[in-house]
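Asker: Sharing a structure, written as structure tokens. Questions coming.
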Amino acid sequence: MAYYRQLGSIPPKRHTQHRTPEGGLYYEELMGEEGFSSDSSLLYHRGIPSAVVNAVPWELPDQSTVPNHPLLPRHLKLHELFADQEWKSADVVGSRRLVLGNGDVRISYVAAGAPSELYRNGLGDECVYVESGAGTLETVFGSIEVGQGDYVIIPRATTHRWVPSGDEPLRAYCIEANSHITPVKRYLSKYGQLLEHAPYCERDFRGPVGPLVVDAPGDVDVLVKHRGPNGVSGTRYTVPHHPFDVVGWDGCLYPYAFNIRDYEPITGRIHQPPPAHQVFEGNGFVICNFVPRKVDYHPLSIPVPYYHANVDSDEVMFYCGGDYAARKGSGIAQGSISLHPGGHTHGPQPGAYERSIGAEFFDELAVMVDTFRPLELGEGGRASEDANYAWTWAGRGPGR
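Quick note on UniProt numbering: the sequence shown kicks off at 1 and runs consecutively.
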């Protein structure tokens with residue numbers, strides 16, 4: 001995120017002495033991407049940021065996946081994963097349930113009511129979409145208040161925790177990359193400014209406030225997700241002081257929030273393809289969103305999408321608000337995921353094609369992830385599947 005910010009107390013020149021009121025030194029930490037060759041920030045700590053007094057394995061939630069075989073479109077009902085009052089003791093980090101994944105990206109879901117432990121992802125950036133509820137993201141950079149419709153981008157290795165608020169669960173759709181997650185490159189100038197044709201601008205991004213300095217004596221645990229023998233592993237570090245001891249920082253690398261309501265949709269006389277709805281990207285995948293918007297205004301237009309075959313990608317749609325004209329009759333509702341894999345032709349449900357003629361506005365809200373390697377089903381995906389979805393276009397399944 002090449003957009004400079006400064007918060008708290010920093011020295012006039014980088015890599016120079018920054019002293020405490022008592023005359024001691026603050027400890028400078030460079031947090032940077034691509035080996036000193038890309039975006040970075042400088043943070044000034046009260047304690048030594050590399051100090052560790054213990055390390056033990058952290059048993060991650062089930063990260064196993066199975067192939068989508070036989071190849072089928074899938075409908076996953078994510079709201080079934082956290083039933084009744086189960087969410088009250090769940091947290092955004094430790095209670096995530098893996099829905100879909102491949103070597104580039106993992107998609108999880110959680111409904112949470114309890115604060116998480118301190119955590120950082122050493123594998124890649126995270127994009128957490130808040131479906132509903134509210135809370136605070138506390139980080140080494142400061143805190144961000146989040147609520148319904150917020151995308152929250154958390155750079156790799158940012159120590160943070162989630163603190164839900166209110167009487168309702170914080171429902172979060174978690175997209176974990178094995179890379180960085182950035183604004184769309186075609187929206188950026190060669191110097192990193194968002195251009196005039198971009199559907200959002202820097203004014204729409206909310207950075208941390210603070211800094212959040214915690215004076216908590218004694219040892220503190222931090223959960224770290226990192227590379228391991230099976231692809232993903234976890235370690236529980238014990239550190240001798242609270243990581244939220246940053247008195248100031250500056251730079252172009254930090255967590256930020258962007259609300260989906262601030263996305264300005266790109267529309268046209270005829271149907272616009274998914275790249276017109278793109279919001280973020282990572283290595284091997286893109287993130288798009290479909291927001292309430294005026295639709296095609298050619299006199300002979302058909303506003304719902306045409307039938308299409310994903311030759312190079314798997315398409316994952318998370319339905320998180322509004323009315324889904326193209327999906328009526330499929331069983332899909334808010335909290336659903338549809339997975340349409342490469343090699344399968346898909347499109348609107350029977351009757352939706354004809355019903356959309358003459359429509360002027362779609363009141364729909366959805367977050368889409370397109371991947372360029374096949375997705376496999378995680379534990380949460382297998383537990384929430386609607387087994388009848390694949391047959392809804394034909395109206396009958398095997399043996400009928």
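By construction, the Cβ of each residue, glycine as well, lies at the ideal position given by its N, Cα and C atoms.
Everything numeric in this text was worked out from a predicted model, so none of it was measured.
#1: Does Lys294 come out as helix, strand or coil in the three-state DSSP assignment?
#2: Hey, could you find the ends of the alpha helix (DSSP H) Tyr353 is sitting in?
#3: Rounded to the nearest angstrom, how far is the Cβ of Asp150 from that of Ala257, given a contact under 8 angstroms?
#4: Per DSSP, which one or two residues make a beta bridge with Gly248?
#5: Please classify Arg269 as buried or exposed, where buried requires at least 16 other C-beta atoms within 10 Å of its C-beta.
#6: Taking only three categories from DSSP, how would you classify Ser89?
#7: Which term fits Glu131, buried or exposed, when burial requires 16 or more other beta carbons within 10 angstroms of its beta carbon?
#8: If we count the other Cβ atoms within 10 Å of its Cβ and call it buried at 16 or more, is Ser38 buried or exposed?
#9: Mapping DSSP to helix, strand and coil, what is Glu28?
#10: Is it the case that the Cβ atoms of Thr235 and Gly329 are separated by a distance below 8 angstroms?
#11: Can you list the beta strand (DSSP E) stretches of 3 or more residues lying completely in the UniProt domain "Homogentisate 1,2-dioxygenase C-terminal" (302 to 393), in chain order?
#12: Under a three-way DSSP split, which group does Tyr119 fall into?
#13: Less than 8 angstroms between the CB atoms is what I'm expecting for Ala112 and Pro183, so what's the real figure, rounded?
#14: Helix, strand or coil for Arg186, going by three-state DSSP, please let me know.
#15: Can you check which of these residues, Ile144, Asp250 and Arg171, is closest to Ser95 by C-alpha distance?
#16: Please report the Cβ distance between Leu81 and Ala383, rounded to the nearest whole angstrom; I am assuming they are in contact, meaning their Cβ atoms lie under 8 angstroms.
#17: Please confirm whether residue 401 and Pro243 have their CB atoms less than 8 angstroms apart.
#18: By a C-beta neighbour count over all protein chains shown, 10 Å radius and 16 as the cutoff for buried, is Asp323 buried or exposed?
#19: So, under 8 angstroms CB-CB, residue 447 and Pro211 are touching, yes? Tell me the CB distance rounded to an integer number of Å.
#20: Anyone know if the C-beta pair for Leu118 and Val222 falls short of 8 angstroms?
#21: Do you know offhand how far Val295's Cα is from Ser356's?
Answerer: The answer reads as follows:
#1: Per DSSP, reduced to three states, the secondary structure at Lys294 is strand.
#2: From DSSP, the alpha helix (DSSP H) with Tyr353 extends over Ala352 to Arg355.
#3: Approximately 5 angstroms separates the beta-carbon atoms of Asp150 and Ala257; this is inside 8 angstroms, confirming the contact.
#4: The beta-bridge partner set that DSSP reports for Gly248 consists of Gly8 and Tyr44.
#5: Per the 10 Å Cβ criterion, exposed.
#6: DSSP places Ser89 in helix when its eight states are reduced to three.
#7: Here Glu131 is buried. Its C-beta has 16 or more other C-beta atoms within 10 Å.
#8: That one is exposed.
#9: In this structure, Glu28 counts as strand in the three-state DSSP scheme.
#10: No; because the gap between Cβ atoms is not below 8 angstroms, this pair is not in contact.
#11: Here the runs fully enclosed are 314 to 322, 336 to 340, 364 to 371 and 376 to 378.
#12: Tyr119: strand per DSSP, three-state reduction.
#13: The Cβ separation is near 27 angstroms, so there is no contact.
#14: Of the three classes helix, strand and coil, the one that applies to Arg186 here is helix, per DSSP.
#15: Closest by alpha carbon: Arg171.
#16: Yes, they are in contact, since the Cβ atoms of Leu81 and Ala383 sit about 6 angstroms apart, within 8 angstroms.
#17: The first residue shown for the chain is 1 and the last is 400, placing residue 401 beyond what the model contains.
#18: Per the 10 Å Cβ criterion, exposed.
#19: Limits of the chain in this structure are 1 at one end and 400 at the other, which puts residue 447 out of reach.
#20: Contact: yes.
#21: So the alpha carbons of these two residues sit roughly 10 angstroms apart.
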